[in-house]
Amino acid sequence: MKWWLAVLATVVSGLPVAGLSDTASGNAPYVLGPQDGLAIRVNTLRRDTGEIYTWGPLSDDFSVGADGMIFLPIIGQLTAAGRTPEALAVLISEEMRMVANLVELPSTTVEVISYRPVFIMGAVQQPGRYAFQPGMTVLQALGTAEGFARSPDMATTQRDAITASGRIRELMAEHIALQTRLARFTSESEGGEAGIEFPVELTSRINDDPMIKAAMMQATERYHAGREALQAELSAIENAKTLLNQELETLDSKSESLTQQQNIFDEELQLSTDLLQRGLIVSTRQTDAENSRLAIGNSLLDVQLAKLRAQQALQAADRGAIDLRARYRTEALDNLVATREQIEQNRDELQTAQALLTVAMSQTMETFDTFRPGSFTPEYRIVRSGLAGNDEMVVTEDFLLQPGDVLQVQIATAPGL
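What follows is the structure, given as C-alpha coordinates:
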(Lines of atoms letter the chains of each structure in order from A and count residues from 1; the text may use other names and numbers.)
(Lines give C-alpha, C1' and ligand atoms only; values in the text may rest on other atoms or scores of the structure.)
Protein backbone atom coordinates (compact mmCIF):
# COMPACT_ATOMS: atom_id res chain seq x y z
CA MET A 1 0.00 0.00 0.00
CA LYS A 2 2.83 2.40 0.85
CA TRP A 3 4.40 1.93 -2.55
CA TRP A 4 1.12 2.94 -4.24
CA LEU A 5 0.89 6.10 -2.13
CA ALA A 6 4.48 6.89 -2.96
CA VAL A 7 3.80 6.58 -6.66
CA LEU A 8 0.63 8.70 -6.41
CA ALA A 9 2.49 11.35 -4.46
CA THR A 10 5.22 11.39 -7.04
CA VAL A 11 2.69 11.72 -9.86
CA VAL A 12 0.70 14.49 -8.20
CA SER A 13 3.69 16.45 -7.03
CA GLY A 14 5.22 16.04 -10.46
CA LEU A 15 2.19 17.44 -12.28
CA PRO A 16 3.02 20.69 -14.05
CA VAL A 17 1.31 23.66 -12.46
CA ALA A 18 -0.14 25.00 -15.71
CA GLY A 19 -3.27 26.06 -17.52
CA LEU A 20 -5.26 23.85 -19.85
CA SER A 21 -5.82 26.57 -22.43
CA ASP A 22 -3.88 26.52 -25.66
CA THR A 23 -2.68 29.77 -27.10
CA ALA A 24 -5.44 31.81 -28.61
CA SER A 25 -3.53 32.85 -31.68
CA GLY A 26 -1.90 29.50 -32.37
CA ASN A 27 1.55 31.01 -32.75
CA ALA A 28 2.30 32.56 -29.34
CA PRO A 29 1.41 31.92 -25.67
CA TYR A 30 -1.91 33.48 -24.80
CA VAL A 31 -1.72 36.42 -22.43
CA LEU A 32 -4.69 37.05 -20.19
CA GLY A 33 -6.53 40.34 -20.18
CA PRO A 34 -9.70 42.05 -18.92
CA GLN A 35 -13.03 40.29 -19.60
CA ASP A 36 -11.43 36.85 -19.97
CA GLY A 37 -13.45 34.08 -18.31
CA LEU A 38 -11.39 31.49 -16.42
CA ALA A 39 -12.14 28.05 -14.98
CA ILE A 40 -9.77 27.52 -12.02
CA ARG A 41 -9.29 24.22 -10.20
CA VAL A 42 -7.03 23.83 -7.11
CA ASN A 43 -6.27 20.35 -5.70
CA THR A 44 -4.02 19.01 -2.93
CA LEU A 45 -2.87 15.43 -2.28
CA ARG A 46 -3.29 14.22 1.27
CA ARG A 47 -0.47 11.77 1.67
CA ASP A 48 -1.78 10.23 4.86
CA THR A 49 -4.95 8.99 3.16
CA GLY A 50 -3.93 9.06 -0.49
CA GLU A 51 -6.95 11.22 -1.35
CA ILE A 52 -6.97 14.26 -3.59
CA TYR A 53 -8.63 17.22 -1.85
CA THR A 54 -10.31 19.89 -3.96
CA TRP A 55 -10.34 23.42 -2.62
CA GLY A 56 -14.01 24.18 -3.34
CA PRO A 57 -14.02 27.97 -2.95
CA LEU A 58 -11.09 28.24 -5.35
CA SER A 59 -12.41 25.69 -7.84
CA ASP A 60 -14.92 27.76 -9.76
CA ASP A 61 -15.34 30.08 -12.76
CA PHE A 62 -13.90 33.58 -12.48
CA SER A 63 -13.47 36.57 -14.77
CA VAL A 64 -10.67 39.07 -15.10
CA GLY A 65 -11.80 42.53 -14.11
CA ALA A 66 -11.37 45.72 -16.09
CA ASP A 67 -8.30 46.52 -13.96
CA GLY A 68 -6.68 43.22 -14.91
CA MET A 69 -7.17 41.76 -11.44
CA ILE A 70 -8.90 38.55 -10.42
CA PHE A 71 -10.40 38.04 -6.96
CA LEU A 72 -10.10 34.57 -5.44
CA PRO A 73 -11.55 33.42 -2.12
CA ILE A 74 -8.98 32.81 0.64
CA ILE A 75 -6.17 34.31 -1.46
CA GLY A 76 -7.65 37.68 -2.40
CA GLN A 77 -6.75 39.75 -5.46
CA LEU A 78 -4.13 38.67 -7.95
CA THR A 79 -2.89 40.33 -11.11
CA ALA A 80 -4.02 38.20 -14.08
CA ALA A 81 -3.58 40.62 -16.98
CA GLY A 82 -0.26 40.23 -18.70
CA ARG A 83 0.25 36.65 -17.49
CA THR A 84 -0.27 33.44 -19.37
CA PRO A 85 -2.72 30.91 -17.92
CA GLU A 86 0.25 28.78 -16.92
CA ALA A 87 1.93 31.64 -15.07
CA LEU A 88 -1.30 32.50 -13.26
CA ALA A 89 -1.67 28.86 -12.21
CA VAL A 90 1.83 28.89 -10.69
CA LEU A 91 1.07 32.15 -8.87
CA ILE A 92 -2.18 30.75 -7.43
CA SER A 93 -0.39 27.62 -6.19
CA GLU A 94 2.32 29.64 -4.50
CA GLU A 95 -0.14 32.05 -2.89
CA MET A 96 -2.30 29.16 -1.70
CA ARG A 97 0.66 27.40 -0.08
CA MET A 98 1.57 30.58 1.77
CA VAL A 99 -1.96 31.41 2.91
CA ALA A 100 -2.89 27.86 3.95
CA ASN A 101 0.60 27.07 5.29
CA LEU A 102 0.82 23.98 3.10
CA VAL A 103 3.91 21.83 3.02
CA GLU A 104 3.69 21.05 -0.65
CA LEU A 105 2.67 23.16 -3.60
CA PRO A 106 -0.97 22.45 -4.59
CA SER A 107 -1.85 21.57 -8.18
CA THR A 108 -3.65 24.40 -9.98
CA THR A 109 -5.15 24.48 -13.47
CA VAL A 110 -6.34 27.61 -15.27
CA GLU A 111 -8.47 27.23 -18.39
CA VAL A 112 -9.77 30.08 -20.53
CA ILE A 113 -13.46 29.41 -21.09
CA SER A 114 -14.42 32.75 -22.68
CA TYR A 115 -12.24 35.27 -24.43
CA ARG A 116 -12.46 39.02 -24.38
CA PRO A 117 -13.98 40.43 -27.59
CA VAL A 118 -12.27 41.78 -30.65
CA PHE A 119 -13.16 45.15 -32.15
CA ILE A 120 -13.52 45.68 -35.90
CA MET A 121 -13.43 49.25 -37.13
CA GLY A 122 -12.99 51.25 -40.30
CA ALA A 123 -14.28 50.47 -43.78
CA VAL A 124 -16.57 47.57 -42.86
CA GLN A 125 -20.32 47.32 -43.23
CA GLN A 126 -21.03 46.68 -39.54
CA PRO A 127 -18.21 47.94 -37.31
CA GLY A 128 -18.38 47.07 -33.65
CA ARG A 129 -17.56 44.56 -30.94
CA TYR A 130 -17.58 40.84 -31.74
CA ALA A 131 -16.99 37.66 -29.78
CA PHE A 132 -13.56 36.14 -30.31
CA GLN A 133 -13.29 32.63 -31.69
CA PRO A 134 -10.02 30.67 -31.41
CA GLY A 135 -8.31 30.56 -34.77
CA MET A 136 -10.09 33.69 -36.03
CA THR A 137 -8.25 35.29 -38.93
CA VAL A 138 -8.49 38.80 -40.29
CA LEU A 139 -10.55 37.55 -43.25
CA GLN A 140 -12.98 35.73 -40.95
CA ALA A 141 -13.34 38.85 -38.82
CA LEU A 142 -14.08 40.85 -41.97
CA GLY A 143 -16.84 38.38 -42.85
CA THR A 144 -18.25 38.66 -39.33
CA ALA A 145 -18.56 42.42 -39.88
CA GLU A 146 -20.47 41.73 -43.17
CA GLY A 147 -17.58 42.63 -45.46
CA PHE A 148 -16.28 45.90 -46.78
CA ALA A 149 -18.36 49.02 -46.34
CA ARG A 150 -20.57 49.71 -49.33
CA SER A 151 -21.00 53.18 -50.63
CA PRO A 152 -24.15 54.93 -49.39
CA ASP A 153 -24.75 55.96 -52.98
CA MET A 154 -24.65 52.32 -54.03
CA ALA A 155 -27.14 51.34 -51.35
CA THR A 156 -29.45 54.17 -52.40
CA THR A 157 -29.25 53.40 -56.12
CA GLN A 158 -29.72 49.68 -55.49
CA ARG A 159 -32.81 50.45 -53.44
CA ASP A 160 -34.08 52.76 -56.18
CA ALA A 161 -33.47 50.07 -58.79
CA ILE A 162 -35.32 47.47 -56.74
CA THR A 163 -38.21 49.87 -56.14
CA ALA A 164 -38.44 50.79 -59.83
CA SER A 165 -38.25 47.14 -60.87
CA GLY A 166 -41.06 46.22 -58.48
CA ARG A 167 -43.15 49.13 -59.73
CA ILE A 168 -42.64 47.99 -63.34
CA ARG A 169 -43.85 44.48 -62.49
CA GLU A 170 -46.87 45.97 -60.75
CA LEU A 171 -47.69 48.21 -63.71
CA MET A 172 -47.25 45.35 -66.19
CA ALA A 173 -49.73 43.25 -64.23
CA GLU A 174 -52.11 46.22 -64.15
CA HIS A 175 -51.66 46.70 -67.92
CA ILE A 176 -52.64 43.09 -68.59
CA ALA A 177 -55.74 43.42 -66.40
CA LEU A 178 -56.73 46.67 -68.12
CA GLN A 179 -56.34 45.13 -71.58
CA THR A 180 -58.65 42.24 -70.68
CA ARG A 181 -61.18 44.65 -69.17
CA LEU A 182 -61.03 46.80 -72.32
CA ALA A 183 -61.80 43.76 -74.47
CA ARG A 184 -64.71 42.79 -72.19
CA PHE A 185 -66.26 46.27 -72.13
CA THR A 186 -65.85 46.59 -75.91
CA SER A 187 -67.80 43.38 -76.43
CA GLU A 188 -70.50 44.43 -73.94
CA SER A 189 -70.89 47.86 -75.57
CA GLU A 190 -71.43 46.19 -78.95
CA GLY A 191 -74.13 43.89 -77.63
CA GLY A 192 -71.94 41.03 -76.50
CA GLU A 193 -73.38 38.44 -78.87
CA ALA A 194 -70.06 37.36 -80.38
CA GLY A 195 -68.15 37.01 -77.09
CA ILE A 196 -64.88 38.68 -76.09
CA GLU A 197 -62.21 39.31 -78.71
CA PHE A 198 -58.90 39.70 -76.85
CA PRO A 199 -56.00 41.59 -78.48
CA VAL A 200 -53.22 39.66 -80.19
CA GLU A 201 -50.62 40.90 -77.70
CA LEU A 202 -52.42 38.83 -75.06
CA THR A 203 -53.57 35.78 -77.04
CA SER A 204 -50.09 35.24 -78.49
CA ARG A 205 -48.59 34.94 -74.98
CA ILE A 206 -51.35 33.09 -73.16
CA ASN A 207 -49.37 29.84 -72.98
CA ASP A 208 -46.17 31.56 -71.84
CA ASP A 209 -47.50 33.91 -69.19
CA PRO A 210 -49.77 32.48 -66.46
CA MET A 211 -50.73 36.02 -65.46
CA ILE A 212 -52.23 36.69 -68.90
CA LYS A 213 -54.11 33.40 -68.86
CA ALA A 214 -55.56 34.14 -65.42
CA ALA A 215 -56.58 37.69 -66.41
CA MET A 216 -58.31 36.46 -69.58
CA MET A 217 -60.15 33.76 -67.66
CA GLN A 218 -61.30 36.29 -65.08
CA ALA A 219 -62.52 38.69 -67.76
CA THR A 220 -64.39 35.87 -69.52
CA GLU A 221 -66.05 34.78 -66.28
CA ARG A 222 -67.20 38.31 -65.51
CA TYR A 223 -68.44 38.74 -69.08
CA HIS A 224 -70.57 35.59 -68.89
CA ALA A 225 -71.80 36.52 -65.41
CA GLY A 226 -72.94 39.92 -66.71
CA ARG A 227 -74.62 38.37 -69.74
CA GLU A 228 -76.39 35.80 -67.59
CA ALA A 229 -77.64 38.51 -65.22
CA LEU A 230 -78.93 40.54 -68.18
CA GLN A 231 -80.64 37.54 -69.74
CA ALA A 232 -82.20 36.62 -66.40
CA GLU A 233 -83.75 40.08 -66.07
CA LEU A 234 -84.93 40.04 -69.69
CA SER A 235 -86.43 36.58 -69.19
CA ALA A 236 -88.29 37.82 -66.13
CA ILE A 237 -89.70 40.70 -68.18
CA GLU A 238 -90.72 38.34 -71.00
CA ASN A 239 -92.46 36.05 -68.52
CA ALA A 240 -94.34 39.03 -67.11
CA LYS A 241 -95.36 40.06 -70.64
CA THR A 242 -96.60 36.55 -71.35
CA LEU A 243 -98.79 36.63 -68.26
CA LEU A 244 -100.13 40.06 -69.22
CA ASN A 245 -100.99 38.89 -72.74
CA GLN A 246 -102.80 35.89 -71.30
CA GLU A 247 -104.68 38.22 -68.97
CA LEU A 248 -105.66 40.42 -71.91
CA GLU A 249 -106.95 37.41 -73.83
CA THR A 250 -109.02 36.40 -70.83
CA LEU A 251 -110.39 39.91 -70.44
CA ASP A 252 -111.26 40.03 -74.15
CA SER A 253 -113.22 36.81 -73.82
CA LYS A 254 -114.97 38.09 -70.72
CA SER A 255 -115.75 41.40 -72.43
CA GLU A 256 -117.23 39.60 -75.42
CA SER A 257 -119.37 37.42 -73.13
CA LEU A 258 -120.59 40.42 -71.18
CA THR A 259 -121.41 42.27 -74.40
CA GLN A 260 -123.55 39.34 -75.57
CA GLN A 261 -125.34 39.26 -72.21
CA GLN A 262 -125.90 43.01 -72.45
CA ASN A 263 -127.48 42.58 -75.90
CA ILE A 264 -129.79 39.88 -74.55
CA PHE A 265 -130.87 42.07 -71.64
CA ASP A 266 -131.45 44.97 -74.06
CA GLU A 267 -133.82 42.82 -76.11
CA GLU A 268 -135.53 41.56 -72.96
CA LEU A 269 -135.91 45.13 -71.67
CA GLN A 270 -137.42 46.23 -75.00
CA LEU A 271 -139.87 43.33 -74.93
CA SER A 272 -140.80 44.08 -71.31
CA THR A 273 -141.48 47.69 -72.19
CA ASP A 274 -143.84 46.69 -75.04
CA LEU A 275 -145.69 44.19 -72.87
CA LEU A 276 -145.98 46.70 -70.03
CA GLN A 277 -147.49 49.28 -72.37
CA ARG A 278 -150.06 46.69 -73.46
CA GLY A 279 -150.79 45.86 -69.84
CA LEU A 280 -149.72 42.26 -70.22
CA ILE A 281 -147.02 42.29 -67.45
CA VAL A 282 -146.47 44.11 -64.20
CA SER A 283 -143.85 46.85 -63.79
CA THR A 284 -141.63 44.76 -61.50
CA ARG A 285 -140.57 42.58 -64.37
CA GLN A 286 -139.39 45.61 -66.29
CA THR A 287 -137.49 46.82 -63.21
CA ASP A 288 -135.65 43.48 -62.92
CA ALA A 289 -134.65 43.67 -66.56
CA GLU A 290 -133.28 47.19 -66.11
CA ASN A 291 -131.28 46.16 -63.01
CA SER A 292 -129.78 43.16 -64.82
CA ARG A 293 -128.82 45.33 -67.78
CA LEU A 294 -127.19 47.87 -65.41
CA ALA A 295 -125.14 45.14 -63.61
CA ILE A 296 -123.87 43.80 -66.91
CA GLY A 297 -122.83 47.32 -67.91
CA ASN A 298 -120.87 47.79 -64.68
CA SER A 299 -119.10 44.45 -65.16
CA LEU A 300 -118.24 45.41 -68.70
CA LEU A 301 -116.71 48.68 -67.45
CA ASP A 302 -114.60 46.75 -64.89
CA VAL A 303 -113.29 44.47 -67.61
CA GLN A 304 -112.39 47.40 -69.83
CA LEU A 305 -110.56 49.06 -66.91
CA ALA A 306 -108.64 45.83 -66.21
CA LYS A 307 -107.69 45.59 -69.89
CA LEU A 308 -106.42 49.16 -69.80
CA ARG A 309 -104.25 48.42 -66.77
CA ALA A 310 -102.89 45.23 -68.33
CA GLN A 311 -102.04 47.08 -71.54
CA GLN A 312 -100.23 49.77 -69.50
CA ALA A 313 -98.26 47.08 -67.63
CA LEU A 314 -97.37 45.45 -70.93
CA GLN A 315 -96.07 48.74 -72.29
CA ALA A 316 -94.08 49.28 -69.06
CA ALA A 317 -92.52 45.83 -69.46
CA ASP A 318 -91.48 46.68 -73.01
CA ARG A 319 -89.95 49.94 -71.81
CA GLY A 320 -88.21 48.05 -68.97
CA ALA A 321 -86.57 45.66 -71.43
CA ILE A 322 -85.45 48.56 -73.61
CA ASP A 323 -84.12 50.49 -70.59
CA LEU A 324 -82.32 47.40 -69.30
CA ARG A 325 -80.48 46.86 -72.57
CA ALA A 326 -79.69 50.59 -72.79
CA ARG A 327 -78.38 50.67 -69.22
CA TYR A 328 -76.23 47.59 -69.87
CA ARG A 329 -74.72 49.21 -72.95
CA THR A 330 -74.32 52.62 -71.25
CA GLU A 331 -72.46 51.09 -68.32
CA ALA A 332 -70.25 49.20 -70.75
CA LEU A 333 -69.49 52.41 -72.66
CA ASP A 334 -68.71 54.31 -69.44
CA ASN A 335 -66.40 51.52 -68.29
CA LEU A 336 -64.83 51.45 -71.74
CA VAL A 337 -63.98 55.16 -71.62
CA ALA A 338 -62.66 54.92 -68.05
CA THR A 339 -60.53 51.88 -68.91
CA ARG A 340 -58.98 53.63 -71.90
CA GLU A 341 -58.05 56.54 -69.65
CA GLN A 342 -56.54 54.13 -67.12
CA ILE A 343 -54.54 52.44 -69.88
CA GLU A 344 -53.10 55.79 -70.94
CA GLN A 345 -52.22 56.61 -67.34
CA ASN A 346 -50.70 53.16 -66.89
CA ARG A 347 -48.61 53.62 -70.03
CA ASP A 348 -47.27 56.96 -68.78
CA GLU A 349 -46.43 55.54 -65.35
CA LEU A 350 -44.76 52.53 -66.95
CA GLN A 351 -42.56 54.74 -69.11
CA THR A 352 -41.60 56.79 -66.05
CA ALA A 353 -40.75 53.66 -64.03
CA GLN A 354 -38.66 52.27 -66.88
CA ALA A 355 -36.77 55.56 -67.14
CA LEU A 356 -36.14 55.57 -63.38
CA LEU A 357 -34.89 51.98 -63.55
CA THR A 358 -32.53 52.86 -66.39
CA VAL A 359 -31.10 55.78 -64.40
CA ALA A 360 -30.79 53.70 -61.22
CA MET A 361 -29.08 50.84 -63.05
CA SER A 362 -26.60 53.16 -64.72
CA GLN A 363 -25.78 54.80 -61.38
CA THR A 364 -25.43 51.39 -59.76
CA MET A 365 -22.97 50.28 -62.44
CA GLU A 366 -20.95 53.47 -62.04
CA THR A 367 -20.75 52.97 -58.29
CA PHE A 368 -19.97 49.28 -58.72
CA ASP A 369 -17.07 50.14 -61.01
CA THR A 370 -15.61 52.13 -58.13
CA PHE A 371 -16.00 49.27 -55.64
CA ARG A 372 -15.54 46.23 -57.85
CA PRO A 373 -12.82 43.70 -56.92
CA GLY A 374 -9.43 44.95 -58.02
CA SER A 375 -10.46 48.59 -58.04
CA PHE A 376 -9.38 49.15 -54.41
CA THR A 377 -6.68 47.85 -52.08
CA PRO A 378 -7.64 46.99 -48.49
CA GLU A 379 -5.19 47.55 -45.67
CA TYR A 380 -5.47 45.80 -42.32
CA ARG A 381 -3.95 47.08 -39.09
CA ILE A 382 -3.97 45.38 -35.71
CA VAL A 383 -3.77 47.34 -32.46
CA ARG A 384 -2.80 44.96 -29.65
CA SER A 385 -2.42 45.82 -25.98
CA GLY A 386 0.77 44.64 -24.31
CA LEU A 387 2.68 45.20 -21.12
CA ALA A 388 4.58 48.06 -22.72
CA GLY A 389 1.45 49.63 -24.19
CA ASN A 390 -0.34 49.32 -27.51
CA ASP A 391 1.42 47.80 -30.49
CA GLU A 392 0.22 48.57 -34.02
CA MET A 393 1.11 46.39 -36.99
CA VAL A 394 0.10 45.96 -40.63
CA VAL A 395 -1.11 42.40 -41.25
CA THR A 396 -2.51 40.22 -44.02
CA GLU A 397 -5.86 38.48 -44.38
CA ASP A 398 -4.59 35.19 -42.90
CA PHE A 399 -3.18 36.78 -39.76
CA LEU A 400 -4.50 35.17 -36.56
CA LEU A 401 -6.22 37.52 -34.15
CA GLN A 402 -5.99 37.46 -30.39
CA PRO A 403 -8.69 38.43 -27.89
CA GLY A 404 -8.81 42.15 -27.31
CA ASP A 405 -7.31 42.97 -30.71
CA VAL A 406 -8.60 46.02 -32.55
CA LEU A 407 -8.78 45.40 -36.31
CA GLN A 408 -8.74 48.54 -38.43
CA VAL A 409 -9.76 48.18 -42.08
CA GLN A 410 -8.82 50.88 -44.55
CA ILE A 411 -9.52 51.07 -48.28
CA ALA A 412 -7.34 52.83 -50.79
CA THR A 413 -8.28 53.21 -54.45
CA ALA A 414 -5.96 51.29 -56.72
CA PRO A 415 -3.54 53.42 -58.78
CA GLY A 416 -4.81 54.45 -62.19
CA LEU A 417 -8.50 54.29 -61.21
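What the sequence shown shows, in mature numbering (1 follows the signal peptide of the UniProt record, and there is no 0), is residues -18 to -1, 1 to 399, in sequence order.
Where is the CB? At the ideal position from N, CA and C, for every residue including glycine.
All figures in this text were calculated on a predicted structure; none of them were measured in a lab.
* To do: Look up G117 in the DSSP assignment and say whether it is helix, strand or coil.
  => What you label residue 117 is simply residue 135 of the sequence shown in a count that begins at 1. Reduced to three states, the DSSP call for G117 is coil.
* Asked: Does the Cβ of D186 have 16 or more other Cβ atoms within 10 Å, making it buried, or fewer, making it exposed?
  -> The residue you call residue 186 lines up with position 204 of the sequence shown. Note on residue identity: the sequence assigns Ser, not Asp, to residue 186. Note on S186: under 16 other CB atoms within 10 angstroms of its CB, so exposed under the neighbour-count rule.
* Pick from G208, V100, M118, L276 that is closest to R311, judged by C-alpha positions -> Residue mapping note: residue 311 aligns to position 329 of the sequence shown, counting from 1. Answer by Cα proximity: G208.
* **Close-in-space but distant-in-sequence residues of the same chain around L121 (CB under 8 Å, 5 per side omitted)** => Residue 121 sits at position 139 when you count from the first residue of the sequence shown. The answer, listed in chain order, is E379, D380.
* Roughly how many angstroms separate the alpha carbons of residue 400 and L230, rounded to a whole number? -> Given that the chain is displayed from residue -18 to residue 399, the structure contains no residue 400 and the question cannot be resolved.
* Bridge partner(s) assigned by DSSP for V94 -> Translated into positions along the sequence shown, residue 94 becomes position 112. In DSSP, V94 forms a bridge with L20.
* Of the choices L27, K223, K195, whose alpha-carbon is the least far from that of V85? -> By one-based count along the sequence shown, residue 85 stands at place 103. For V85, the closest C-alpha among the options L27, K223, K195 is that of L27.
* What do you reckon, are the CB atoms on G386 and G110 nearer than 8 Å? -> Counting from one through the sequence shown, the residue named residue 386 turns up at place 404. Counting from one through the sequence shown, the residue named residue 110 turns up at place 128. Taking 8 Å as the cut-off, the beta carbon of G386 is found no closer than this to the beta carbon of G110.
* Asked: With 16 other CB atoms within 10 Å as the buried threshold, where does I246 fall?
  -> Walking along the sequence shown from the start, residue 246 turns up at place 264. I246 should be labelled exposed.
* Asked: What did DSSP end up calling P99 once you bin it into helix, strand or coil?
  -> As a first step, residue 99 must be located in the sequence shown, where it is residue number 117. If DSSP states are grouped into helix, strand and coil, P99 belongs with coil.
* To do: Following the continuous alpha helix (DSSP H) through I188, name the residue where it begins and the one where it ends.
  => Translated into the one-based positions of the sequence shown, residue 188 becomes position 206. According to the DSSP assignment, I188 belongs to no alpha helix (DSSP H), since it is labelled neither H nor E.
* **Reduced DSSP secondary structure (H/G/I, E/B, other) of L40** => Counting from 1 along the sequence shown, the entry for residue 40 is found at position 58. Secondary structure of L40 (DSSP, three-state): helix.
* To do: Tell me, please, which residues DSSP counts as bridged to L60.
  => Looking up residue 60 in the sequence shown gives position 78. Paired residues: I52.
* To do: Go ahead and pull the three-state DSSP assignment for V285.
  => If you number the sequence shown from 1, residue 285 lands on position 303. Judged by DSSP in its simplified three-state form, V285 adopts helix.
* Figure out for me which residue from D316, Q108, A292, F44 has the closest Cα to the Cα of D234. => For this step, residue 234 is matched to residue 252 along the sequence shown. Cα-wise, what sits closest to D234 is A292.
* Asked: According to the neighbour-count rule (16 or more other Cβ atoms, all chains shown, within 10 Å of its Cβ), is Y362 buried or exposed?
  -> Here residue 362 corresponds to residue number 380 of the sequence shown, with the count starting at 1. Result: buried.
* Asked: Measuring CB to CB, does S212 end up less than 8 Å from L296?
  -> Counting from one through the sequence shown, the residue named residue 212 turns up at place 230. Counting from one through the sequence shown, the residue named residue 296 turns up at place 314. In the sequence as presented, Ser is not what sits at residue 212; that position holds Leu. No.
* Three-state class that DSSP yields for N25 in the structure shown -> Taking the sequence shown and counting its residues from 1, one reaches residue 25 at position 43. Secondary structure of N25 (DSSP, three-state): strand.
* How long is the line joining the alpha carbons of T241 and N221, rounded to whole angstroms? -> Stepping through the sequence shown from its first residue, residue 241 is reached at position 259. Stepping through the sequence shown from its first residue, residue 221 is reached at position 239. Roughly 30 Å between the two C-alpha positions.
* To do: Following the continuous beta strand (DSSP E) through R111, name the residue where it begins and the one where it ends.
  => Counting from one through the sequence shown, the residue named residue 111 turns up at place 129. Start and end: 110 to 112.
* In angstroms, rounded to a whole number, what distance separates the CA positions of L54 and A82? -> Working through the sequence shown from its first residue, we reach residue 54 at position 72. Working through the sequence shown from its first residue, we reach residue 82 at position 100. Here the alpha carbon of L54 sits roughly 14 Å from the alpha carbon of A82.
* Range covered by the alpha helix (DSSP H) that runs through L73 -> The count along the sequence shown starts at 1 and reaches residue 73 at position 91. Run containing L73: 67 to 82, per the alpha helix (DSSP H) assignment.
* From T162 to A299, what distance separates their C-alpha atoms? -> Residue numbering aside, residue 162 sits at position 180 when the sequence shown is read from its first letter. Residue numbering aside, residue 299 sits at position 317 when the sequence shown is read from its first letter. Cα to Cα, the separation comes out at about 34 Å.
* Taking Cβ positions, are P67 and E93 nearer each other than 8 Å? -> Position 85 of the sequence shown holds residue 67. Position 111 of the sequence shown holds residue 93. Yes.
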